[in-house]
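Working notes, beginning with the structure itself.
There are 2 protein chains.
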Amino acid sequence: MSEFQLTPEGTSQQHQDRLYVSSETRKLTLPPAGLPLLHSGSLKEIEVKYETYGSLNAQKANAVLICTPLSMDHHAAGWYSDQDEKPGWWDEMIGPGKAIDTNIYYVIASNMLGGCRGTTGPSSLNPDTQKPYGKDFPRITVEDIVQVQALLIEQLGIPYLAAVIGGSLGGMQALQWSVAYPDKVKKCICIAAAPHLSPQALGFEIVGRKALLNDKNFGSGDFYDKPETPDEGLALARMIGLLTYLSADSMESKFSRTRKDEYDANCFETGYDVENYLTHNSQKFVSRFDANSYLHITYALDTFDLEESHGSLANAFEKSRAEFLLVALSSDWLFPPSQSRHLCRELLNLGKIASLVELDSPYGHDAFLLEVENLSKLIGAFLERNEVGPPTSPKMRSTSTVENQTGSHRVFDPSMDYGLVGNLVEPGSHILDIGCGDGELIDNLYLSKQVTGFGIDIDLENVIKCLTRDVPVVHGDVNKVFNLFGYNSFDYAVLSQTIQMLRRPGFILKEMLRVAKKSIIVFPNFGHFRNRLTLGLKGTMPIADAVDFKWWENPDIHQFSFKDFQKLCAVENIMIEKVLPIGQSALSRSMIRMGMVNTGADVIVVRLGSKH
Amino acid sequence: MSEFQLTPEGTSQQHQDRLYVSSETRKLTLPPAGLPLLHSGSLKEIEVKYETYGSLNAQKANAVLICTPLSMDHHAAGWYSDQDEKPGWWDEMIGPGKAIDTNIYYVIASNMLGGCRGTTGPSSLNPDTQKPYGKDFPRITVEDIVQVQALLIEQLGIPYLAAVIGGSLGGMQALQWSVAYPDKVKKCICIAAAPHLSPQALGFEIVGRKALLNDKNFGSGDFYDKPETPDEGLALARMIGLLTYLSADSMESKFSRTRKDEYDANCFETGYDVENYLTHNSQKFVSRFDANSYLHITYALDTFDLEESHGSLANAFEKSRAEFLLVALSSDWLFPPSQSRHLCRELLNLGKIASLVELDSPYGHDAFLLEVENLSKLIGAFLERNEVGPPTSPKMRSTSTVENQTGSHRVFDPSMDYGLVGNLVEPGSHILDIGCGDGELIDNLYLSKQVTGFGIDIDLENVIKCLTRDVPVVHGDVNKVFNLFGYNSFDYAVLSQTIQMLRRPGFILKEMLRVAKKSIIVFPNFGHFRNRLTLGLKGTMPIADAVDFKWWENPDIHQFSFKDFQKLCAVENIMIEKVLPIGQSALSRSMIRMGMVNTGADVIVVRLGSKH
């Protein structure tokens with residue numbers, strides 16, 4: 001297998017740094033009776049409007065599909081002409097040298113089934129009547145939307161996708177791809193989405209649809225030849241949507257309580273910023289969207305539920321071969337981060353390779369279109385390595401050649417950790433590295449001992465480096481992420497130079513021995529004789545040698561000696577299987593040799609197991 | 001001034017333990033030209049429907065007004081007859097021996113102006129036309145609603161209110177009472193409300209109103225003689241309201257993703273629990289509410305803004321003489337706790353007496369009707385003391401006769417704190433007691449040295465005890481509440497036996513010297529010789545004598561000696577003005593006498609000031 005070559009981006013004409021694009025429409029080849037839909041009948045004819053950026057390479061191994069959210073279309077990137085006011089909706093992410101790099105990847109974006117921008121939908125002509133479908137358009141599902149995308153991909157001659165990427169409803173489609181086409185998806189990036197809507201999100205969707213249906217001009221949905229269309233109803237539904245895309249904090253900073261000069265109190269207008277925003281943006285939406293498309297697509301979104309349709313998430317994802325990157329947005333309450341965590345837990349329990357990132361952002365659900373810088377870094381890192389060939393069963397792997405990076409919170413030379421930990425694990429082990437920094441330990445252990453690994457780190461830059469190294473990683477606080485991992489998921493859990501910073505070290509030790517058979521702890525020994533002298537003679541509290549902090553800023557909130565540690569293990573029923581005391585000075589080392597571990601060791605490495 | 005007598009509840013007939021009540025309607029006496037409204041015209045006639053519970057005492061000093069939220073009415077408590085299915089909406093709070101005790105207080109609840117349950121509103125007969133007002137009903141405001149309540153109170157012969165109490169829109173009315181009638185409100189309890197809506201809450205309100213106005217049967221609002229009424233539109237508005245009253249978590253536990261057996265996919269019904277809930281509850285609301293009342297009352301709510309109408313909250317509340325109890329609900333996103341904190345800060349900056357409680361509840365905004373047990377305790381405690389006489393300018397006071405309570409987190413005998421701290425403060429000082437426990441220190445210092453005080457505590461039971469003692473208190477985490485207090489708000493800030501548990505002790509010390517001229521810190525000295533011996537000889541880390549914890553559960557995350565503390569003060573530019581070392585043993589005390597403070601003192605009390 002070889003890495004992709006950098007192939008020059010060839011098909012699009014370049015003017016300055018713009019990517020010029022055009023859209024195409026393809027009439028899909030369907031079975032003679034039409035395409036059967038999941039729940040309701042079939043469609044005799046389906047046209048799909050789509051765009052592509054970059055070129056399909058000779059191995060046909062570099063195709064990336066962008067799945068679109070509700071209100072976006074096939075024009076994901078580039079410019080049609082210099083007369084355009086703006087480029088495609090995700091242009092900041094897609095293009096030569098960008099995160100989804102069209103110098104490397106062949107990127108496809110299509111308008112979805114049921115839409116109103118060129119792909120068959122309720123406003124398309126019904127071949128039976130030569131009138132718009134209107135109320136006769138069948139109920140579609142996310143499964144149907146993805147099925148149509150799969151036909152497009154197949155009929156474009158693409159055997160499998162290097163990646164499928166989507167946010168919001170697009171993220172649901174990406175998940176469905178990995179479920180329905182396990183042999184066609186190598187990487188799945190799901191941003192601000194979930195296997196189903198939360199009851200809260202669903203509630204708002206339902207009310208939005210009811211408001212649209214209650215519009216006097218909606219009738220039964222056959223309004224295309226009527227002078228009046230259900231614009232007000234569509235605007236109401238969109239307003240509810242807009243409110244769920246913003247966070248309370250972003251609204252607080254975006255909108256003042258000042259009123260515009262003129263507003264109609266007789267019509268109960270308030271004149272406040274937020275009302276003007278809702279009116280303006282919903283009108284913009286109404287001018288480019290079809291009310292029936294809105295109903296059908298949101299209905300597909302609301303009734304999508306991989307748990308309901310497969311019995312469980314485990315059943316749904318069982319055959320998936322994709323590597324997952326799940327990105328949640330901290331202030332998103334339409335698809336809250338708890339849903340991404342839940343999905344990640346299920347994937348990890350199935351032995352899938354899944355990374356989870358929670359991007360800190362004030363912008364609510366909208367952040368998936370706004371947090372371009374961090375999303376670019378994450379997606380770019382996740383897509384950086386790719387091997388030619390169809391998806392295989394998931395296996396942990398690392399192929400690092402990345403040079404040493406700084407930025408890990410580890411205070412020792414990482415090679416020290418590597419040596420210490422490496423001596424205690426068997427070749428081929430599967431390890432969880434807690435506070436993994438930039439992933440170097442796992443990377444080194446992979447190269448030297450074929451150890452596969454999974455990291456946890458709270459720092460986003462470290463997480464990005466892990467992804468670049470192909471080290472799967474959970475972005476989060478050590479105190480809060482253990483519930484992602486099931487019993488005995490790993491051979492070893494490693495915690496280096498961190499335990500003394502934790503509020504509940506006993507809890508973490510127990511969690512480590514729940515998720516791994518053994519654990520390895522590296523900690524500074526506050527029983528070292530220099531520390532004793534500091535308090536005993538100088539009367540100030542000792543500070544760990546390696547950390548040059550003032551006491552009131554000291555992150556080591558539970559200082560303890562090796563003897564203290566032994567007491568904790570006894571109480572928690574933990575067996576200390578092996579002890580490696582490290583002395584930095586000759587005096588320390590000779591004390592250790594004389595058996596004075598608690599007095600001589602600067603740092604102690606222990607391997608722990610459960611008592612049975 | 002005397003405390004209220006316990007007067008037997010006389011007027012209502014008692015059957016078992018039920019309070020039997022009846023409602024009354026009063027035609028208000030108005031100026032000849034009618035009652036002028038704040039923004040639009042006047043009303044020639046106003047009738048108010050109301051109920052009273054308990055009896056007005058001889059001094060007319062025990063009246064309490066309940067301000068009602070949007071969808072509730074004058075029937076706040078009791079039973080009309082045994083045939084009733086349920087009692088008044090806040091019956092658990094109001095009655096003999098309950099939090100709002102009708103054995104003590106004379107309680108009044110009225111239907112609000114603009115309503116549809118007996119008080120003049122859009123469905124009432126317009127005296128000019130003898131038809132319902134409909135579209136001609138003038139735009140009303142919260143100020144108008146409260147003005148009508150004030151006329152009722154006056155015309156019932158009540159000179160002032162011992163308390164005005166309300167939640168949600170009722171809480172806004174309570175605030176408006178304290179602003180508009182400073183000489184008539186002694187205590188103001190504002191639950192889950194704010195001086196104005198957040199942009200997010202406002203957005204949902206606006207969309208709800210637009211959905212109602214877009215109903216084909218609404219027309220211009222004169223639908224009372226029409227066969228079809230705008231029920232669907234009103235239901236839509238109510239559904240949006242219902243969604244904002246619940247929290248995401250409570251919806252997650254309340255609603256499953258199961259669907260009912262029959263639902264109409266042709267009408268885009270989903271059949272999910274949440275849809276059934278919305279449909280059922282909105283229909284119930286439609287059957288008892290008038291669409292025009294909904295429009296007018298929500299418009300009043302949405303445009304209420306004490307900041308906008310008075311230029312600033314400081315202007316609005318400047319003359320208020322009320323003591324405030326602000327209660328926020330942790331999962332309320334319609335009136336988030338941040339709004340209560342903001343209001344509390346403004347009140348405290350004005351020198352008002354205000355307590356702030358954040359009730360931990362999963363139920364969202366609805367919690368104000370559901371968290372009866374804790375609300376009862378809080379309101380009962382806040383109302384327990386009351387003196388006859390109209391409101392006076394706010395002054396801190398304490399009249400404790402409460403017996404000593406346990407439950408404070410203080411580890412020493414509180415009388416020790418009292419002695420230690422009492423020796424360092426001048427009579428008549430104003431102090432902030434951080435981690436105040438049950439308020440005993442402030443109480444004792446008031447009795448012995450006329451010290452007035454304000455507490456902070458994280459424990460709700462302690463907060464309730466403080467309220468019972470008339471010690472104003474903020475319920476919250478020491479690390480997060482300092483921004484409530486302005487520069488030099490106090491003479492002294494006191495922090496006893498807590499600093500070693502804080503992540504950022506330097507930050508807290510600086511904050512204390514920002515909000516108070518001086519501060520007093522009591523802390524365990526980890527430099528005490530016994531601690532030194534523990535580490536030096538036994539090789540285990542010392543644990544503060546007073547705290548019997550295992551090291552890994554030790555809340556004292558920053559252990560430090562007096563010398564360490566001196567170093568921190570030097571770095572932070574803090575002057576140690578006075579040191580009181582405390583030795584518990586004779587040996588300790590003799591060491592202290594010999595000047596060996598850092599070696600001999602078990603506990604150290606310091607008075608700090610800023611260096612200038």
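Chains as they are written, first to last, in the numbering used here: chain W, 1 to 612; chain R, 1 to 612.
Built from N, CA and C at the ideal position, the CB exists for glycine as well.
- In its chain, beyond the 5 residues on either side, 580 have a beta carbon closer than 8 Å to the beta carbon of residue 423/R.
- Counting C-beta atoms within 10 angstroms of its own C-beta, residue 194/R has 16 or more neighbours from the protein chains shown and is therefore classed as buried.
- The Cβ atoms of residue 502/W and residue 522/W lie no closer than 8 Å to each other.
- For residue 255/W, the chain R residues whose Cβ falls inside 8 Å of its Cβ are 199, in order along the chain.
- Contact annotation for residue 209/R against chain W: 268 [CB-CB distance below 8 Å, chain order].
- For residue 454/R, the enclosing beta strand (DSSP E) starts and ends at 452-457.
- Note that the segment 384-394 of chain W touches the segment 175-194 of chain W; at least 3 beta-carbon pairs, one per stretch, sit closer than 8 Å.
- Residue environment: residue 234/R is assigned as buried (16 or more neighbouring CB atoms within 10 Å of its CB, all protein chains considered).
- For residue 265/W, the chain R residues whose Cβ falls inside 9 Å of its Cβ are 39, 40, 139, 299, 303, in order along the chain.
- The beta carbons of residue 506/R and residue 552/W sit closer together than 8 Å.
- When rounded, the separation of the alpha-carbon atoms in residue 340/R and residue 359/R is 12 Å.
- Nearest in C-alpha terms to residue 592/R, of all of 33/R, 571/R, 528/R, 611/R, is 528/R.
- Shortest Cα-Cα distance from residue 335/W to any of 299/W, 199/W, 374/W, 206/W involves 199/W.
- The three-state secondary structure of residue 126/W, taken from DSSP, is strand.
- Beta-bridge pairing by DSSP links residue 66/R to 109/R, 165/R.
- Between the segment 309-316 of chain R and the segment 277-285 of chain R, the count of Cβ pairs shorter than 8 Å is below three; the stretches do not touch.
- Across the structure, residue 38/W and residue 147/W are spaced so that their CA atoms are roughly 10 Å apart.
- Taking each of 22/R, 122/R, 44/R in turn and checking the Cα distance to residue 30/R, the smallest one comes out for 44/R.
- In the DSSP annotation of this structure, the continuous segment of the beta strand (DSSP E) that includes residue 474/W starts and ends at 473-475.
- Contact with chain W is found for residue 236/R, since one of that chain's Cβ atoms lies less than 8 Å from the residue's Cβ.
- C-alpha of residue 343/W to C-alpha of residue 201/W: approximately 17 Å in a straight line.
- For residue 429/W, the three-state secondary structure derived from DSSP is coil.
- In chain order, 198, 199, 200, 203 make up the part of chain R whose C-beta sits under 8 Å from the C-beta of residue 251/W.
- Looking at 603/W, 500/W, 174/W, the one whose alpha-carbon comes closest to that of residue 589/W is 603/W.
- The Cβ of residue 214/W sits closer than 8 Å to at least one Cβ of chain R.
- Contact holds between the segment 433-444 of chain R and the segment 467-478 of chain R, because three or more Cβ pairs, one in each stretch, are under 8 Å apart.
- Under DSSP, residue 364/W shares a beta bridge with no residue.
- At least one C-beta of chain R is nearer than 8 Å to the C-beta of residue 506/W.
- Taking the Cα of residue 93/W as reference, the smallest distance to any Cα among 83/W, 78/W, 82/W is reached at 78/W.
- Across the set 106/R, 156/R, 131/R, 67/R, the C-alpha of 67/R shows the shortest separation from the C-alpha of residue 113/R.
- Pairing residue 467/R with residue 378/R gives a Cβ-Cβ distance under 8 Å.
- Burial check for residue 171/R: the Cβ neighbour count within 10 Å reaches 16 or more, so the residue is buried.
- Apart from the 5 residues on each side of it in sequence, residue 135/W sits with its Cβ closer than 7 Å to the Cβ of 220, 221, 222 in its chain, given in chain order.
- The beta-carbon distance between residue 196/W and residue 373/W, rounded to whole angstroms, is 30 Å. This is too long to meet the 8 Å contact definition.
- Think of a sphere of 8 Å around the beta carbon of residue 558/W: the chain R residues whose beta carbon falls inside it are 551, 552, 554, 557, in chain order.
- Of all residues in the segment 308-330 of chain W, the ones placed with a Cβ closer than 8 Å to any Cβ belonging to chain R are 308, in chain order.
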